[in-house]
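Asker: Residue numbers (this note's numbering): -5 to 185. Heads up, the beta-carbon is just placed ideally off N, CA and C, and yes, glycines get one too. Since this is a predicted model, take the numbers as computed values, not measurements.
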Amino acid sequence: MDYNHVTLAGRIGGAPKTTPQVIDPKTGEIKKQSRTSFSLIVNKPWAKRGDKNDHDTFTCVIFGPGGEKVAQYLTVGKTVLVEGRLSKYDAGATTPDGKKQHGALINVGPYGVHFGPDSQKLRTPQQVAQNNTATDAVLNALCAKLGLNKEEILAAANASKAAQPASASQSTPAAGPEVDLPFGSGEGIEG
-5 MDYNHVTLAG
5 RIGGAPKTTP
15 QVIDPKTGEI
25 KKQSRTSFSL
35 IVNKPWAKRG
45 DKNDHDTFTC
55 VIFGPGGEKV
65 AQYLTVGKTV
75 LVEGRLSKYD
85 AGATTPDGKK
95 QHGALINVGP
105 YGVHFGPDSQ
115 KLRTPQQVAQ
125 NNTATDAVLN
135 ALCAKLGLNK
145 EEILAAANAS
155 KAAQPASASQ
165 STPAAGPEVD
175 LPFGSGEGIE
185 G
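(1) Let me make sure I understand the geometry here. Which of Val70, Thr13, Gly97 and Ala151 has the alpha-carbon closest to that of Gly60?
(2) Using 8 Å as the threshold, is the segment 19 to 27 in touch with the segment -1 to 6, meaning 3 or more CB pairs across them?
(3) Let's test the definition: count the other Cβ atoms within 10 Å of the Cβ of Ala123 and tell me whether it reaches 16, buried, or not, exposed.
(4) DSSP on Thr73, reduced to helix/strand/coil?
(5) Name the two residues that bound the continuous alpha helix (DSSP H) containing Ala65.
(6) Nearest-angstrom Cα distance between Lys93 and Asp45?
(7) Please state the DSSP three-state secondary structure of Asn37.
(8) Within the same chain, show all residues whose beta-carbon is closer than 7 Å to that of Ser161, passing over the 5 residues directly before and after it, in chain order.
(9) Where DSSP assigns a beta bridge to Ile147, which residues make up the other side?
(10) To the nearest angstrom, report how far apart Asn152 and Pro111 are at their CA atoms.
(11) Using the three-state DSSP reduction, which class does Gln120 fall into: helix, strand or coil?
(12) Taking just the CA atoms, how far does Lys144 sit from Ala131?
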């Protein structure tokens, strides 16, 4: 039985590069699919941080229009898990003794990229401010829809946090009323 499956989790090491597809002008057929490539940095857990070899860098490739869509979310430092297969290719060079040199890459399908949580320390102050502004806008919309006062809710939440013992604050809060969010349900959004 043959099996070629690779799963890696790490951080995006560089901006993705997309090569557009090539279409035959006479027939309209696709001669070459678009190709999106990016580097994935995977830390070695046993290595000392800051050492020259404390991580491995892998080249990942996604063929077709799915790669172009995924590329817009692949920013440097973003945590991702990729699933694909290991592919060997001719590097186009030869060794001094005349042997062909080969390279390896991870051939990832368009659904083989899963986004992980971003680290707060990797975000710029502008990104944090944008996130806070967006969160505030959602809270304002929810309060307006339900007829609630945002300041009273925040004051009550802070007061109950201060009054509760540590074990009580870990319990699951009661579910509130179901509300339609102003930007949709969020289904199908990753990352």
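Answerer: So, to answer that:
(1) Here the closest residue by C-alpha is Thr13.
(2) Taking one beta carbon from each stretch, the segment 19 to 27 and the segment -1 to 6 have fewer than 3 pairs nearer than 8 Å; the two do not touch.
(3) The residue in question, Ala123, is exposed, as its Cβ has fewer than 16 Cβ neighbours within 10 Å.
(4) Thr73: strand per DSSP, three-state reduction.
(5) Per DSSP, Ala65 belongs to the alpha helix (DSSP H) from Pro59 to Ala65.
(6) Approximately 33 Å, taken between the alpha carbons.
(7) Collapsing the DSSP output to three states places Asn37 in a strand.
(8) The predicted model places Ser161 with a pLDDT of 49, which falls under 50 and marks its position as unreliable; any figure quoted below should be read in that light. There are no such residues.
(9) Per DSSP, none; premise fails for Ile147.
(10) Answer to the nearest angstrom: the Cα atoms are 26 Å apart.
(11) DSSP places Gln120 in helix when its eight states are reduced to three.
(12) For Ala131 and Lys144, the gap between their C-alpha atoms comes out near 11 Å.
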